[in-house]
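Remarks on the structure that follows.
Numbering (my numbering), first residue to last: 256 to 345.
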């Protein structure tokens, strides 16, 4: 009598096997635009930072530095979400 050994299929998480909802699909379709807008906003803040540095405005420099850090976090979050949606869509 032959015994067959089959490797068990790796368990699929609910998130990876679930297709995108309508709202997620719309979010995914608009993600490149949202990232582009966020990156343009970041560049604008960087330009303002250089102006404030030239004018010696320490208070504005501090504020812009904080805004730039937040903009980086926003962009990182958008890229992470895009990757998540892309993984589920494909």
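Backbone N, C-alpha and C fix where the C-beta goes; we use that ideal spot for every residue, glycine too. From a predicted model like this one, the values you see are computed outputs, not experimental measurements.
query, result
"Simplified DSSP assignment, three categories, for residue 296", "helix"
"Burial state of residue 300 (16 or more Cβ within 10 Å)", "buried"
"Residue 309 burial status per 10 Å Cβ neighbour count (16 or more: buried)", "exposed"
"Expected contact under 8 Å - CB spacing of residue 278 and residue 333 to nearest Å", "Actually they do not touch by this definition, with Cβ atoms about 16 Å apart."
"Beta-carbon proximity check, residue 315 vs residue 282, cutoff 9 Å", "no"
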